[in-house]
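Novice:
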Amino acid sequence: SAIRVVPTTPFDDQKPGTSGLRKKVTTIRRPHYLENFVQAIFDAVPGRQGATLVLGGDGRFHNTGAIQTILRMAAANGIARVLVGRDGLLSTPGASCVIREHKAWGGIILSASHNPGGPDGDFGIKFNPANGGPAPERITDAIYARTREIGEYCILDTPEVDLSALGTHHVDDMVVEVIDPVADYAALMERLFDFDAIRALFRGGFRMCFDAMHAVTGPYATEILERRLGAPAGTVINGVPLDDFGGGHPDPNLVHAHDLVAALFGDDAPDMGAASDGDGDRNMILGRRFYVTPSDSLAVLTLNATQAPGYARGVAGVARSMPTSRAVDRVAAQLGIDCYETPTGWKFFGTLLDAGKATLCGEESFGTGSDHVREKDGLWAVLFWLNLVAVTGRSVEDLVRDMWRQVGRIYYTRHDYEGIETPRAERLMADLRACLPDLFGTTQGGRLVMLADDFGYTDPVDGSTAGKQGVRVLFEDGSRIVYRLSGTGTEGATLRVYIERPEDDPARQDVDTQAALADLIATADALAGIQAHTGRSGPTVIT
Ligand code: VG1
Ligand code: CO
Numbered sequence: 002s003a004i005r006v007v008p009t010t011p012f013d014d015q016k017p018g019t020s021g022l023r024k025k026v027t028t029i030r031r032p033h034y035l036e037n038f039v040q041a042i043f044d045a046v047p048g049r050q051g052a053t054l055v056l057g058g059d060g061r062f063h064n065t066g067a068i069q070t071i072l073r074m075a076a077a078n079g080i081a082r083v084l085v086g087r088d089g090l091l092s093t094p095g096a097s098c099v100i101r102e103h104k105a106w107g108g109i110i111l112s113a114s115h116n117p118g119g120p121d122g123d124f125g126i127k128f129n130p131a132n133g134g135p136a137p138e139r140i141t142d143a144i145y146a147r148t149r150e151i152g153e154y155c156i157l158d159t160p161e162v163d164l165s166a167l168g169t170h171h172v173d174d175m176v177v178e179v180i181d182p183v184a185d186y187a188a189l190m191e192r193l194f195d196f197d198a199i200r201a202l203f204r205g206g207f208r209m210c211f212d213a214m215h216a217v218t219g220p221y222a223t224e225i226l227e228r229r230l231g232a233p234a235g236t237v238i239n240g241v242p243l244d245d246f247g248g249g250h251p252d253p254n255l256v257h258a259h260d261l262v263a264a265l266f267g268d269d270a271p272d273m274g275a276a277s278d279g280d281g282d283r284n285m286i287l288g289r290r291f292y293v294t295p296s297d298s299l300a301v302l303t304l305n306a307t308q309a310p311g312y313a314r315g316v317a318g319v320a321r322s323m324p325t326s327r328a329v330d331r332v333a334a335q336l337g338i339d340c341y342e343t344p345t346g347w348k349f350f351g352t353l354l355d356a357g358k359a360t361l362c363g364e365e366s367f368g369t370g371s372d373h374v375r376e377k378d379g380l381w382a383v384l385f386w387l388n389l390v391a392v393t394g395r396s397v398e399d400l401v402r403d404m405w406r407q408v409g410r411i412y413y414t415r416h417d418y419e420g421i422e423t424p425r426a427e428r429l430m431a432d433l434r435a436c437l438p439d440l441f442g443t444t445q446g447g448r449l450v451m452l453a454d455d456f457g458y459t460d461p462v463d464g465s466t467a468g469k470q471g472v473r474v475l476f477e478d479g480s481r482i483v484y485r486l487s488g489t490g491t492e493g494a495t496l497r498v499y500i501e502r503p504e505d506d507p508a509r510q511d512v513d514t515q516a517a518l519a520d521l522i523a524t525a526d527a528l529a530g531i532q533a534h535t536g537r538s539g540p541t542v543i544t
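Quick note on the UniProt record's numbering: the sequence shown kicks off at 2 and runs consecutively.
#1: Do M209 and A232 come within 8 angstroms of each other at the CB atom, strictly closer than that value?
#2: Would you say D245 and G122 are within 8 angstroms of each other, going by their C-beta atoms?
#3: Contact check, S296 vs E365 under 8 angstroms by CB: the rounded distance?
#4: Compare the beta carbon distance of I500 and T443 with 8 angstroms and say whether it is the shorter of the two.
#5: Name the DSSP bridge partner or partners of E504?
#6: Tell me which same chain residues have a C-beta within less than 7 angstroms of the C-beta of L449, skipping the five on either side of it?
#7: Report buried or exposed for R509, applying the criterion of at least 16 other Cβ atoms within 10 angstroms of its Cβ.
#8: Between which two residues does the beta strand (DSSP E) harbouring E138 extend?
#9: With a threshold of 7 angstroms (Cβ to nearest heavy atom), would H115 be considered close to ligand 1?
#10: Run the proximity test for E422: is its beta-carbon closer than 7 angstroms to any non-hydrogen atom belonging to ligand 1?
#11: On the three-state DSSP scale, how would you describe N37?
#12: What distance in whole Å lies between the Cβ atoms of I100 and A76, which are believed to be in contact at a cut-off of 8 angstroms?
#13: Could you check whether the Cβ of T489 sits closer than 7 angstroms to any heavy atom belonging to ligand 1?
#14: Three-state secondary structure (DSSP) at E342?
#15: Please indicate yes or no: does the CB of T541 lie closer than 7 angstroms to some heavy atom of ligand 1?
#16: Using the C-alpha atoms, what's the distance from A45 back to R139?
#17: Taking the continuous alpha helix (DSSP H) assigned at V383, which residues delimit it?
#18: From this set, L302, D455, L380, Q515, which residue's C-alpha is nearest M323's C-alpha?
#19: Return the Cβ separation of P503 and G479 in integer angstroms, given the expectation that the two are a contact with Cβ distance under 8 angstroms.
#20: For the beta strand (DSSP E) that Y154 lies in, which residues bound it at each end?
#21: Tell me which same chain residues have a C-beta within less than 6 angstroms of the C-beta of P117, skipping the five on either side of it?
#22: Run the CB neighbour count on Q15, radius 10 Å, all protein chains shown included, and call it buried at 16 or more, exposed below.
#23: What does DSSP give as the partner residue(s) for M175 in the beta ladder?
#24: Sorry if obvious, but does the Cβ on E364 come closer than 7 angstroms to a heavy atom of ligand 1?
#25: The alpha helix (DSSP H) that contains N305, what's its start and end?
#26: For Y341 and chain C, any beta-carbon pair shorter than 8 angstroms?
#27: If we ignore side chains and look at the alpha-carbon of each, how far apart do G490 and V183 end up?
#28: Between which two residues does the alpha helix (DSSP H) harbouring D244 extend?
#29: When DSSP labels each residue in this structure, what does A187 get in the three-state scheme?
#30: Go ahead and label R258 buried or exposed: buried means 16 or more other beta carbons lie within 10 angstroms of its beta carbon, across all protein chains shown.
#31: What runs of the alpha helix (DSSP H), each 4 residues or longer, lie entirely inside the segment 51–99?
#32: Quick one: using the 10 Å Cβ neighbour count with 16 as the cut-off for buried, is L63 buried or exposed?
#33: Using DSSP bridges, identify the partner residues of L353.
#34: At which residue ranges does the segment 309–341 contain complete alpha helix (DSSP H) runs of 4 or more residues, listed in the order of the chain?
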């Protein structure tokens, strides 16, 4: 059919945030809105002619509708072949894997991650170039610049592709391969982890509960845990993806993964619990009546990495986002490897992974991953933990306590204040930034301030820079408070306050986290005037 060139005008709000463009479904469905952004990707990223594109999403409302539109646009823009997950499904790490395995030009991933779905929920579009990782800022800046000047987009008027039928389809001259979203990914996992040992663990009666939260990891976890690793049926709960995630909030933390938490902290709790988010890149790990902070998870995986076949060669280096606790720094120091500190968002790990400087990476926001793909990877982390439990014979809790014994414990919490009016949140940050020069050397809540700044980053590989990445205040005793505004929300502003304190005395490593950090939490409020600025007496979500 003939290419239709549609005149359009720019939208002024298509700047990608921490992880792609995230908007309300109602915004995405405005006429030309999705098309403009997709055309901007095609225009801004060189090399699409005759290339292979990977396409899929987390299954939220409007996923398949958007895919049909993007297929027609891809054909009109000279893409030769699209690999699309069956039923339009691809997890974020799954897409990263497929992009790399099939040497694609790039991938478009439709997800708003852990944000609620459904017609009134959120939607998102991410572009990952050929390395399979989130586009670095130089690319997202180019895409954004294109959205500001766009005047037309190209599309075909072709019938819908049947996304439920595996195999080859066509949109005009363009080939559409509907692929099993799990196959490449599961094969990669089998190369990284000791599946025999994990199978033996389950055969021996080890019980786990994996909460897919009605999001994209359902099919992945069911295939890998129950079919390939022999975990009993029912190990995966909420395993069927729903376009509104069953009305839930597919965020794997103690607040939102309530079914899982009930199981792991109840009577007859299984040995291990895990959950993943909407698009499958986050993970939460639980032992029996035991919560593993994401920062500790990264430290434990680093400490024990050589126990997994895929990492037997050792870890070249590690990287963590700035607000992530410094537990992994201590492990890295003990192992004699480099530890990099990057701004928030997986896109900042890409160059370090590509250059072989970092093998493992992590964020406090339930994100862990490695150089096996270029995204954080929820199920990968779960399999890594299973591998460690299987080959060491230790429980999840024992593995964490062993790490604390070796390098000390860092008490860690994040307090989120969601849905603040944007001007109030911006005022709070501006006032905080203004007082930074005077903070050094003062005593706050009984602690001496050793450093107070706004985190800036220079990428050690390509020299690119990123400024204003979050206010951090470091104290003489090793405690730290970090403040930043979220870049993934779609309504108002979210203030994130990250609070940590090291505790090296084994006799004091078993205190409730909020109690252990109570005085620092008070200091964090006093320093930034959180209550005064926001009118809130406490956070909305504590993780
Ligand atoms: C949040 C997290 C960040 C993570 C990002 C994307 O960003 O803090 O660590 O990389 O979400 O994760 P922000 O700007 O809201 O703090 V996902 O699973 O939503 O793609
Ligand atoms: Co996610």
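All residues carry an ideal CB built from backbone N, CA and C; glycine is no exception.
Note that the coordinates shown come from a computational prediction; the quantities given were computed from them, not determined experimentally.
Specialist: If we stick to the structure as given:
#1: yes
#2: yes
#3: Contact between S296 and E365 holds, since their C-beta atoms are separated by about 5 angstroms, short of 8 angstroms.
#4: no
#5: Partner(s): R410.
#6: F476, E477
#7: exposed
#8: Looking at the DSSP string, E138 is not in any beta strand (DSSP E); the run it does join, the alpha helix (DSSP H), is 138–148.
#9: yes
#10: no
#11: helix
#12: Contact doesn't hold; Cβ gap of about 19 angstroms is too wide.
#13: yes
#14: strand
#15: no
#16: 10 angstroms
#17: 379–393
#18: Nearest option by C-alpha distance: D455.
#19: 4 angstroms
#20: 153–156
#21: Here the set comprises H250.
#22: buried
#23: V172
#24: yes
#25: Run containing N305: 295–305, per the alpha helix (DSSP H) assignment.
#26: Among the chains in the structure shown there is no chain C, since it carries only a single protein chain.
#27: 29 angstroms
#28: Careful: D244 lies outside any alpha helix (DSSP H) and carries neither H nor E.
#29: Here DSSP, grouped into helix, strand and coil, assigns A187 to helix.
#30: Residue identity check: residue 258 is Ala in the sequence provided, not Arg. Per the 10 Å Cβ criterion, buried.
#31: 64–77
#32: The residue you asked about is not Leu; residue 63 is His in the sequence shown. H63 is buried by the Cβ-count criterion.
#33: Per DSSP, none; premise fails for L353.
#34: 328–336
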